[in-house]
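Residue numbers (the working numbering): 7 to 365.
Glycine included, every Cβ here is placed at the ideal spot set by N, Cα and C.
Please read these numbers as outputs of a predicted model, since none were measured by experiment.
What follows is a set of notes on a single structure, which appears directly below.
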Ligand SMILES: [Zn+2]
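Below you can see the structure in the form of structure tokens.
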């Protein structure tokens with residue numbers, strides 16, 4: 007029988023290798039969730055709960071503040087990059103090394119080695135982050151057991167190259183339709199061309215000047231772009247419909263409603279006959295001015311950066327909890343066949359978090 011135990015006395019780098027050699031592609035996390043649950047239940051200072059393949063552990067010391075350390079335990083599909091391999095330069099290679107078993111290892115080490123933290127701690131290990139949002143374990147816990155996620159500040163140990171990344175931008179995909187009237191293209195004057203009618207939309211996109219707002223000292227960069235265009239019936243027909251799909255990446259000082267209203271406003275006089283929201287995930291304010299966040303940044307050092315992509319920090323933000331990304335992996339190496347992480351960064355991340363929570 008294979009050894010399925012997790013030894014939390016291993017250092018975070020060695021523990022990362024152990025977690026990586028415990029494959030957990032999205033949808034197959036159960037054995038790893040079982041191992042994490044078993045290892046955490048052996049720690050008398052933690053209360054452990056489980057919902058599906060999501061494991062939540064917490065201290066209950068009555069501290070003034072509660073901090074959440076969260077990470078997903080799934081990975082993207084394996085790409086001939088298991089088992090893990092440690093090279094002479096201290097770089098650990100393999101699926102999930104960067105995104106984000108190195109972060110999960112740091113969480114587990116803090117859980118095991120800081121029994122009396124200066125802030126109460128909640129550790130969240132969740133499944134299905136790398137797949138569609140409906141399956142996301144953090145979302146399921148937030149819906150079914152919101153009380154488990156209460157806290158003053160959350161740190162997501164997603165790869166951020168050992169720097170603090172605050173908040174995240176929202177992403178809105180909208181379909182902009184134009185309509186015309188079909189006719190034979192030999193007698194085009196008898197119809198009206200919906201593709202031509204989309205020209206003002208494209209002109210507006212080309213001249214659009216995105217904002218670069220500064221929020222909590224971080225500069226965000228918005229973007230409004232066409233990502234798809236479709237129209238046409240046949241080679242001899244004047245088309246009666248055209249759809250331009252636009253993706254609006256917006257700074258977190260706009261609400262979801264305001265983002266939709268902005269797209270309507272930008273294209274108000276461009277002949278759009280229908281606006282449809284195709285996909286939407288709101289942003290998250292960095293919340294760096296919150297005392298718990300400020301104390302964290304001071305303790306771990308470095309200069310916080312904005313997060314342009316969308317991450318689960320926005321889920322915490324929706325619960326009213328300021329959240330940042332802070333993990334040892336380099337985000338540019340996530341999901342790659344040659345995914346890897348510097349073990350020195352894992353150990354440094356563990357050390358900084360421990361210092362912050364024991365100071
Ligand atoms: Zn990730």
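{"Item": "Report the rounded CA-to-CA distance for residue 76 versus residue 203, giving the unit in angstroms.", "Value": "48 Å"}
{"Item": "On a CA-only basis, which of 275, 221, 357 is nearest residue 17? Give me that one, please.", "Value": "357"}
{"Item": "Taking the DSSP output, what are the residues bridged to residue 329?", "Value": "160"}
{"Item": "Closer than 6 Å from C-beta to any heavy atom of ligand 1: which residues, in chain order?", "Value": "78, 105, 106, 135, 164"}
{"Item": "Can you give me the start and stop residues for the beta strand (DSSP E) that residue 20 sits inside?", "Value": "Unbroken run through residue 20 is the alpha helix (DSSP H), 18-26; no beta strand (DSSP E)."}
{"Item": "If we call anything under 8 Å between Cβ atoms a contact, is residue 239 one with residue 163?", "Value": "no"}
{"Item": "Return yes when the Cβ of residue 59 is within less than 8 Å of the Cβ of residue 133, no when it is not.", "Value": "yes"}
{"Item": "Have a look at residue 228 and residue 146 and give me their C-alpha separation to the nearest angstrom.", "Value": "29 Å"}
{"Item": "Unbroken alpha helix (DSSP H) runs of length 4 or more, entirely within the segment 52-134: which are they?", "Value": "108-119"}
{"Item": "State the DSSP-derived secondary structure class of residue 227, mapped to helix, strand or coil.", "Value": "coil"}
{"Item": "Just the Cα atoms here: how many angstroms apart are residue 122 and residue 325?", "Value": "26 Å"}
{"Item": "Just how far apart, CA to CA, sit residue 194 and residue 211?", "Value": "27 Å"}
{"Item": "Extract the residue ranges of the beta strand (DSSP E) inside the segment 294-355, only unbroken runs of 3 or more that lie entirely within it.", "Value": "329-331, 346-348"}
{"Item": "For the putative contact between residue 297 and residue 173, defined by C-beta atoms under 8 Å, what is the C-beta separation to the nearest angstrom?", "Value": "The Cβ separation is near 17 Å, so there is no contact."}
{"Item": "Could you name the residues of the same chain whose beta carbon sits closer than 6 Å to that of residue 201, not counting the 5 residues immediately before and after it, in chain order?", "Value": "237, 245, 248"}
{"Item": "Between residue 41 and residue 54, which are expected to be in contact by the criterion C-beta below 8 Å, what is the C-beta distance as a whole number of angstroms?", "Value": "With 8 Å as the limit, residue 41 and residue 54 do not qualify as a contact, their Cβ atoms being about 13 Å apart."}
{"Item": "Per DSSP, which residues does residue 174 bridge with? Please list them.", "Value": "290"}
{"Item": "So, is residue 340 buried or exposed, given that buried needs 16 or more other C-beta atoms within 10 angstroms?", "Value": "buried"}
{"Item": "Please report the residue range of the beta strand (DSSP E) in which residue 145 lies.", "Value": "Here residue 145 belongs to no beta strand (DSSP E); instead the alpha helix (DSSP H) covers 143-150."}
{"Item": "Let me know the secondary structure DSSP gives residue 140 once reduced to three states.", "Value": "helix"}
{"Item": "Bridge partners for residue 182 per DSSP, in chain order?", "Value": "250, 281"}
{"Item": "Within this structure, are the beta carbons of residue 360 and residue 120 separated by less than 8 Å?", "Value": "yes"}
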